[in-house]
Structures are given as C-alpha cells and as structure tokens.
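Some notes on the structure that comes next.
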Amino acid sequence: MNRKSRIKAGCALLSGWILAVVAAVALAQEGHPLTGSWSGSRIVDGKSSRVLMVMELQRDQTISGYVMEQGKRAPLEAVVLDPQTWSVSFTLAAADSGLHYKVEATFEDMGSATNRKLIGKWTEGNASGDFMVGLN
Amino acid sequence: MRQVTGTTFRLTLLGSLALLVACSQQPAAEDSASTTTAATAPATQPTEAGIKPAPRLANGMVNLGLAAGERGFWGSSGSIYGRGRLSAATNLLIEEVPFQPWAKALYEFRQANNEKDDPHSRCLPGGPTREIETVNGFEILQMPELNRVYFVFGGGEHSWRVVYTDNRPLPDIDNPDTIPVYMGYSSARWEGDTLVIESNGFNEKMWFTQGGLPHTRNLHLTERFSRPDFDTLNYELTVDDPGAYKKAWTGSFSVKWNYTSWDGSDAGEIHEYFCQDNNRDVQHMIGN
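Protein chains in written order, with my numbering: chain A, 1 to 136; chain B, 1 to 288.
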C-alpha cells in the first residue's frame with residue numbers, strides 16, 4: 001500500500017469513526033439534557049451562520065463535544081450546566097480552530113426530546129449576537 | 001457496518017420470535033423430557049397454611065411463569081424506590097437515591113411537570129423494569145433447551161424481551177457497533193431458584209422506571225427474580241450508572257399473580273392491548 005492509499009484508508013476510517021460517534025449521540029434524547037446532536041444558527045452582523053454541535057456527557061460528568069460552523073470545527077471547552085437554573089455556558093477557544101466565542105444559553109422546552117432548544121447569546125470581545133440550536 | 005449489524009439484529013429478533021411461536025405450539029406430549037413451560041410438574045396444591053408453593057418445571061427448576069393446569073399472569077407491581085404496598089420496606093426513599101446533580105434536577109423537573117414528556121405515554125418501549133411496572137401484566141416463559149427466557153408484556157406497546165441463559169458476555173458499550181437498544185442486551189444465570197439477569201447497552205430514548213428516573217448509556221442493570229410462593233414474584237434491581245448516579249443502588253418490589261382477565265372474567269389471560277391504537281394519552285400530557 002503506497003502513501004496515498006494509506007492516507008485514503010486513514011481518512012475513510014476516521015470519517016467512519018466520526019459518523020459512528022455522531023450517530024451514537026444522535027440517539028440520545030432522554031438522558032443528560034445536553035447529550036445529543038444539535039443544529040441551529042448564530043447571528044453574526046445581522047446574518048445567520050449555520051451551527052452544528054455535538055455534546056456528550058463523559059463518565060467523569062464533564063461534557064465534551066464540538067461545534068462546526070462555516071467549514072470550521074472547534075472543540076467545546078469549559079462546558080458548564082447549572083441544573084438549578086438549567087443555564088449552560090461554554091467556550092470555543094482552540095487557537096487553530098478559527099472559531100473563538102463564548103455562549104451563554106438556557107433551555108427551552110427542556111423536557112422534550114423532539115423540541116428541546118438552547119437559546120442565548122454568543123460573545124467575542126465586544127461583538128455579540130443571538131445563538132439558538134435545537135436538539136436533532 | 002452499523003446497518004448490517006442492525007439488520008442482523010432485527011433478523012435475530014424475528015428468528016427468536018418465530019422460535020417462541022413454534023415452541024409454544026409444540027404439544028407437551030411430544031417432548032416429555034422437555035423443560036419448557038409446557039413440561040411443568042403437576043399443578044401445585046396449597047399448603048396447610050393456604051399458601052401455594054412456587055411451581056416447578058419437570059426438571060425441578062422453579063417456574064417463574066404459568067404452570068400447567070393453572071391460569072393467570074403477573075399483574076400489579078411496586079417501585080424500586082419508596083416504600084409501602086408492594087414496594088420493599090428496605091427501599092431508598094427518593095431523597096436518598098444517590099443522583100448526580102443533573103439527574104436529580106431532571107427527575108424533579110419531570111415530576112414538577114407531571115411527567116408530561118414521558119416517552120412511554122407516546123407508546124415507546126420503556127426498558128425491562130418499566131415494562132414490568134406497566135399495567136396489563138406480563139408473562140415469563142422459560143425455555144432452557146433454547147437457553148432463553150422470554151418476557152411478554154401486555155401493557156404499553158405490547159412488546160417482548162428475550163434474555164439469554166447461555167453465559168454470553170455482555171457487549172462493549174464503547175464499541176460503535178453496539179447499537180443502544182430499549183431492552184438492553186441481557187445475559188442471565190441461575191443462582192439456586194433466583195434468576196439473575198445482567199443487562200447493558202440501553203439507549204437513552206426511554207425512562208427506565210415509572211416516575212422518570214434518568215439514566216445514561218452507561219446504565220447496567222442487575223435484576224434478580226425469585227418466586228417465594230405461587231402468588232408472589234420478588235424483583236430486585238441494582239442500578240449501576242455512573243453517568244446519572246454517584247454509586248450503584250438497589251431497590252425491590254413484589255409482583256402479584258393475577259387470576260382474572262382485565263374484563264373480570266376468570267380466563268386469567270392477558271388481553272390484546274396496543275398503546276399505539278387510539279392513544280389519547282398524549283393530548284392530556286400538558287404538565288403545569
């Protein structure tokens with residue numbers, strides 16, 4: 001197998017793994033309220049930017065995941081859920097991701113597996129706007 | 001691969017169901033050495049105290065289900081938390097359940113909203129414990145020659161569960177090929193007269209008990225079924241889910257034998273009921 005073939009095979013394996021992970025968490029709806037795949041938008045300068053997000057509860061009770069937007073992908077950092085208020089915050093801060101902002105949101109229709117939403121604001125420096133995603 | 005696995009799984013389920021139907025149609029006389037439910041010992045007689053002992057199969061194994069010459073099915077049950085009626089006096093109270101903080105808040109949210117989002121009220125399966133708790137009863141069919149125990153549920157979506165007694169290992173839930181399912185993957189053993197079932201691989205699309213105790217995909221259940229007398233099935237459940245609970249915990253309840261059908265007749269048979277048919281529950285699930 002030459003180098004090109006190995007790279008192709010590696011990409012195929014990686015793509016399969018990512019799809020499997022996304023499919024697995026996409027099934028999650030009644031467990032931890034953040035776990036699952038989400039889609040929606042972020043309003044930037046009055047324009048809607050499509051946002052895809054995956055979140056999953058880990059065994060140590062932390063939440064991991066990532067956001068995909070404008071062809072970029074950024075891991076979630078410092079995900080905090082306050083179950084007393086059902087408020088959520090997280091940041092996208094990885095230096096090489098191209099996405100750097102903070103989100104503060106709260107659940108809407110939190111108990112619903114089909115209509116659950118996260119609605120709030122994103123901020124980056126002095127810029128800010130609406131952020132809204134729904135559970136897929 | 002996942003699709004192939006899913007297809008294989010569905011074919012396995014269909015095959016198992018076909019075996020179940022085929023076996024249930026076998027005349028007992030054709031297989032006198034069989035240890036299926038068709039080959040049970042003679043009907044049990046009450047003791048002097050009026051308590052009927054648990055029936056046994058021809059091989060001496062306790063029969064958790066219907067015995068030849070008898071009628072009825074398992075009916076009312078209790079809860080794995082809270083005490084009283086059919087729930088064990090040793091159960092944890094709900095405030096003693098070792099919830100993770102988010103799980104406690106979610107449970108309280110569901111209670112505060114009158115469980116309006118309960119998937120079971122939308123006719124989705126509820127997992128093994130929830131199905132036992134659901135009204136309309138259930139039957140247990142032991143088929144040792146097939147290394148299977150079947151649970152046939154009369155309530156909810158009128159579903160069934162297969163438990164394997166061939167010492168198979170439970171799947172690795174971190175393997176992407178392990179598809180999370182409602183009933184989980186179950187492997188059982190006998191400890192004396194107690195059927196011990198270990199299960200994992202549950203999906204997160206259901207509430208696994210009445211009341212909406214949360215769980216995650218890490219849920220591992222250990223169920224212990226015993227029949228101290230004809231009319232009583234003891235059910236003990238150990239919940240091990242570090243995603244939703246700080247430590248494993250155990251609760252138990254009894255299930256009572258039901259001699260009559262739900263229409264009051266003495267046939268003692270589970271009637272046909274499908275939640276999906278004319279379901280009027282959802283429109284009433286409005287919360288507060």
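Quick reminder that beta carbons are idealized off the backbone N, C-alpha and C, glycines included.
Shown in chain order are the members of the region 43–61 of chain A whose Cβ falls below 7 Å from a Cβ of chain B: L57, R59, Q61. In terms of Cβ geometry, S159/B and T194/B do not form a close pair [threshold 8 Å]. Within chain B, the residues placing a beta-carbon under 9 Å from that of Q84/A are P101, A105, ordered along the chain. By alpha-carbon distance to A93/A, the top candidate from V44/A, K47/A, G65/A is G65/A. A straight-line Cα-Cα distance of about 13 Å links E157/B and E133/B.
C-alpha of E108/A to C-alpha of N278/B: approximately 29 Å in a straight line. Beta-bridge analysis with DSSP links A188/B to I197/B.
Taking the CA atoms as reference points, G155/B sits about 52 Å from G46/A.
Along the length of the region 73–154 of chain B, whole beta strand (DSSP E) runs at least 3 residues long occupy 138–143, 148–153, reported in chain order.
Judged by pairs of C-beta atoms under 8 Å, the region 160–174 of chain B does not touch the region 89–106 of chain B, as fewer than three such pairs exist. With its beta carbon less than 8 Å from one in chain A, E204/B belongs to the interface. For H284/B, the three-state secondary structure derived from DSSP is helix.
In chain order, R59 make up the part of chain A whose C-beta sits under 7 Å from the C-beta of N218/B.
For K116/B, the chain A residues whose C-beta falls within less than 8 Å of its own C-beta are G111, listed in chain order. Within a 10 Å sphere around the beta-carbon of A127/A sit fewer than 16 other beta-carbons, which makes this residue exposed. The CB of N63/B never comes closer than 7 Å to any CB in chain A; the least such distance is about 35 Å. DSSP places N175/B in the coil class of the three-state scheme, outside both helix and strand. In summary, the residues of the region 242–270 of chain B whose CB is separated from some CB of chain A by less than 8 Å are P242, G243, A244, in the order they occur in the chain. When C-beta atoms of the region 86–99 of chain B are compared with those of the region 146–155 of chain B, fewer than three pairs fall below 8 Å, so the two segments do not count as touching.
Looking at the DSSP output, P33/A sits in no beta bridge, so it has no partner there.
Counting along the chain, no beta strand (DSSP E) covers K247/B, and no H or E run does either. According to the DSSP assignment, P180/B belongs to no beta strand (DSSP E), since it is labelled neither H nor E. When Cβ-Cβ separations below 8 Å define contact, L76/A makes no contact with chain B.
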